[in-house]
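Counting in my numbering, the sequence shown runs from 40 upward without gaps.
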Amino acid sequence: MGNNSKSTFQIVIYIFAVISMILFVLIGKNKQVIASKNETNSATSDQLDGIANRQLETPLQQALRQAIDRRSKSGLPVPSSTTYQIPEAPTMIQENDTFVMVVSATSTLYFEHPNQAGLDKWPDVVITADLPTSANGYVKQGNYNQEIRSFIEQELPGIWEQHEFGYEPRRYTFRETLRIELPDEAAEKIVSEAVDLIDKRAVEELVFGFTETGPRIEYIVEEEWEECILGACFTIAEVKAGLELDWDIGLRLPFQVDLRTPNSMILDHTYMLDSSITPLDWSAEQYEQAGLEGADGNEFLLRYVVFLGVQAEIVGIEAVDWGIDAEYDGSSSFTTPFGPDASFPLPTIELSPEQTGLQWEVVSSVLAIGIGLRIDTSLSQGEIAAKWQVLPGSDATGNGSVTYVYPQVPVPFGPLTTGDFATDSDQAHIEINDFQYGLDEFLMDLGGYLELELFGYGVEVTDFDIVEIGVDDISDGPWLNIHEGTKDNIETFVDVNENALIFLPLVVK
Numbered sequence: 040m041g042n043n044s045k046s047t048f049q050i051v052i053y054i055f056a057v058i059s060m061i062l063f064v065l066i067g068k069n070k071q072v073i074a075s076k077n078e079t080n081s082a083t084s085d086q087l088d089g090i091a092n093r094q095l096e097t098p099l100q101q102a103l104r105q106a107i108d109r110r111s112k113s114g115l116p117v118p119s120s121t122t123y124q125i126p127e128a129p130t131m132i133q134e135n136d137t138f139v140m141v142v143s144a145t146s147t148l149y150f151e152h153p154n155q156a157g158l159d160k161w162p163d164v165v166i167t168a169d170l171p172t173s174a175n176g177y178v179k180q181g182n183y184n185q186e187i188r189s190f191i192e193q194e195l196p197g198i199w200e201q202h203e204f205g206y207e208p209r210r211y212t213f214r215e216t217l218r219i220e221l222p223d224e225a226a227e228k229i230v231s232e233a234v235d236l237i238d239k240r241a242v243e244e245l246v247f248g249f250t251e252t253g254p255r256i257e258y259i260v261e262e263e264w265e266e267c268i269l270g271a272c273f274t275i276a277e278v279k280a281g282l283e284l285d286w287d288i289g290l291r292l293p294f295q296v297d298l299r300t301p302n303s304m305i306l307d308h309t310y311m312l313d314s315s316i317t318p319l320d321w322s323a324e325q326y327e328q329a330g331l332e333g334a335d336g337n338e339f340l341l342r343y344v345v346f347l348g349v350q351a352e353i354v355g356i357e358a359v360d361w362g363i364d365a366e367y368d369g370s371s372s373f374t375t376p377f378g379p380d381a382s383f384p385l386p387t388i389e390l391s392p393e394q395t396g397l398q399w400e401v402v403s404s405v406l407a408i409g410i411g412l413r414i415d416t417s418l419s420q421g422e423i424a425a426k427w428q429v430l431p432g433s434d435a436t437g438n439g440s441v442t443y444v445y446p447q448v449p450v451p452f453g454p455l456t457t458g459d460f461a462t463d464s465d466q467a468h469i470e471i472n473d474f475q476y477g478l479d480e481f482l483m484d485l486g487g488y489l490e491l492e493l494f495g496y497g498v499e500v501t502d503f504d505i506v507e508i509g510v511d512d513i514s515d516g517p518w519l520n521i522h523e524g525t526k527d528n529i530e531t532f533v534d535v536n537e538n539a540l541i542f543l544p545l546v547v548k
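Right under this line is the structure:
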């Protein structure tokens, strides 16, 4: 989409030349044994069905889409509409002793004005190329603008009274058709390798986090009330209160990791792979499938169960001897925060004795005791990091790191180099592991306070920590690791062949 005032009709010729190269058929030797002729029909049908279930596009469609996306994100003009007909699944038709495979696709770009193509005016259609020396046929050089103008005027009389020539709307349509004929004994090999050319996608759902189940805590408060008259003090009342607490606090952050590779690779070549992260919000069933407590599908866990017992003796009389139970669940469910604008929906919580239910009146209108709770959270998310490697015993080598910053954005990594490194393997075993969730800030503090009320005057007499979890308590740095007891990697196996068959111009979207 340049501003060249001369014809770019030559570019059309070059485009078709490139397409021809893309569709070039190169049949090579494969390591795998070709299936028997009797299995050909059923195998090809199953494999073609597999292709039909993939979202495919041709390299031309992919190049057009990516170019338009880049221009749009950069604020540059783009077509007013684009249409990509997803290629039909390859169809295999048997004609006598020959199999015919057909793939077709259509792409349409519509421009309401040349400025949507980055042009001030549509360029003249001029053919200047000479006929190649070894070619038969002819090339009629010249400027075709007048012929185009007259043709449109004939089809639509008066059109140039409504539009100025060179500024009219235009639609460009690219139709791609590939037809290949091959003997039936090669059909199984052909289809198998066609499938191999389509990108392979591995998907795993993993979960960062931790769950801390608190130890049983016992907390006892004893108080003595004395009357002091004329220098003598007499014990009037003794109060003893006991607290037993069980609690759970945790953070579970599920995510999906995608790993995309070629479906097969060629020996002695170098490849780049890519991976992406999608944050998730799991259900209780998904947590249980991962080996964790369902907990109603909550990502943040905060629960406690409390038993309170009180004994009071007044002037030698056992006046009070009772216990109460209280429970609180401050857990919440949300999608794993990930990305520059992501944040944790975890506010600081303070529960008064009235809210916790942990209060009692020891002596009516004189003495009351209560226990409140505080939950302080301070979290902010950075990036996600991981490591990748080709495992030993593979026909490939490579390792390194992957850093994810944005959700659902593929991150390229590599290089992976294939070679005849293993005597008993024709595959590359690729793994991404050691996932770490970056934390710019992390602190969870569950604490309580004892509140006394004497003659109607309330006073907070003491704070106590139940548990304080900082980043050093859950990892060796500012990272949240994969939750203990859950799957911690994604892996895939890719066939490595001596040669490849390149004829099916389809890629996965």
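The beta carbon of each residue, even a glycine, is placed where N, CA and C say it ideally should be.
These numbers come from a predicted model, not from an experiment.
Report the rounded CA-to-CA distance for A82 versus V142, giving the unit in angstroms. With a pLDDT of 41 at A82, under the threshold of 50, the modelled position of that residue is not reliable, and no figure is offered here.
Distance between beta carbons of S371 and P384, contact taken as under 8 Å: With a beta-carbon spacing of about 7 Å, P384 and S371 fall inside the 8 Å limit used to define contacts.
Backbone CA spacing between T525 and F247 [nearest angstrom]: Going from the Cα of T525 to the Cα of F247 covers about 9 Å.
Counting only beta-carbon separations shorter than 8 Å, does L298 have a partner in chain D? The chain labelled as chain D is not found in the depicted structure, where only one protein chain is given.
Quick one: give me the first and last residue of the alpha helix (DSSP H) that Y326 is part of. 323-328
Test item: CB-CB of E215 and A144 under 8 Å: If you check the CB distance, E215 and A144 come in under 8 Å.
Which value, in whole angstroms, describes the spacing of the CA atoms of L217 and L158? 33 Å
Backbone CA spacing between F213 and S146 [nearest angstrom]: 5 Å
With three or more C-beta pairs closer than 8 Å as the rule, is the stretch 263-279 touching the stretch 292-310? No: fewer than three Cβ pairs fall under 8 Å.
Measure from the alpha carbon of A156 to the alpha carbon of each residue in D434, I356, H522, S111, then state which is nearest. Among D434, I356, H522, S111, the Cα nearest to that of A156 belongs to S111.
Since I believe L341 is in contact with G369 (beta carbons under 8 Å), could you give me their beta-carbon distance rounded to a whole number of angstroms? 4 Å
Within 8 Å, do at least three Cβ pairs link the stretch 175-186 to the stretch 114-124? no
Please state the DSSP three-state secondary structure of S189. In the structure shown, S189 sits in a helix (DSSP, three-state: H, G or I).
Spatially closest choice to E96 from Q124, T309, S173, by CA coordinates: Q124
If you count every other CB in all the chains shown that lies within 10 Å of the CB of M140, and 16 or more means buried, which is it? buried
Is A37 helix, strand or coil by DSSP? Nothing can be reported for residue 37, as the shown portion of the chain is limited to 40 through 548.
Taking the continuous alpha helix (DSSP H) assigned at K112, which residues delimit it? Taken as a continuous stretch (DSSP letters only), the alpha helix (DSSP H) holding K112 covers 98-112.
Expressed to the nearest angstrom, what Euclidean distance is found between the alpha-carbon atoms of N302 and A241? Straight-line Cα distance between these residues: approximately 11 Å.
The beta strand (DSSP E) with I521 in it runs from where to where? No beta strand (DSSP E) contains I521, which DSSP labels as neither H nor E.
Rounded Cβ spacing between V359 and V349 (contact assumed at less than 8 Å): 6 Å
Tell me where the alpha helix (DSSP H) around W264 begins and ends. It is not in any alpha helix (DSSP H) - W264 instead sits in the beta strand (DSSP E) that spans 256-268.
Within its chain, find whatever has a CB closer than 6 Å to the CB of K70; leave out the 5 residues flanking it on each side and keep chain order. Bear in mind that a pLDDT of 30 at K70, under 50, signals an unreliable position, so the model cannot answer this.
Span separating the alpha-carbon of K239 from that of F532: 10 Å
Thinking C-alpha only, which one of T167, G421, L430, E220 is nearest F377? G421
When the Cβ atoms of the stretch 447-463 are set against those of the stretch 425-437, are three or more pairs found closer than 8 Å? yes
Taking DSSP as the reference, what is the three-state secondary structure of N302? coil
Nearest-angstrom beta carbon gap, V448 and S314 [assumed within contact, 8 Å]: Not really, about 10 Å apart at Cβ, beyond 8 Å.
Coarse secondary structure for E194, derived from DSSP in three states: Looking at E194 - three-state DSSP - the assignment turns out to be helix.
Selection from M311, V164, E523, K426 that minimises the alpha carbon distance to P451: M311
Identify the residues that DSSP records as bridge partners of W286: which are they? Y343
How many Å lie between A168 and Y211 at the Cα? 22 Å
Use the C-beta contact count for A351: other C-beta atoms within 10 angstroms, 16 or more gives buried, fewer gives exposed. buried
Exposed or buried, what is I54 when buried is set at 16 or more other beta-carbons lying within 10 Å of its beta-carbon? Any reading at I54 needs caution, since the residue's pLDDT is 37, under 50, leaving its predicted position unreliable; the model's value is listed next. Exposed: under 16 other Cβ atoms inside 10 Å.
Between W286 and Y343, which are expected to be in contact by the criterion C-beta below 8 Å, what is the C-beta distance as a whole number of angstroms? Between W286 and Y343 a beta carbon distance of about 4 Å is seen, short of the 8 Å cut, so the two are scored as contacting.
Alpha carbon of N528 to alpha carbon of A329, nearest angstrom: 13 Å
Could you compute how far the alpha carbon of E263 sits from the alpha carbon of E257? 20 Å
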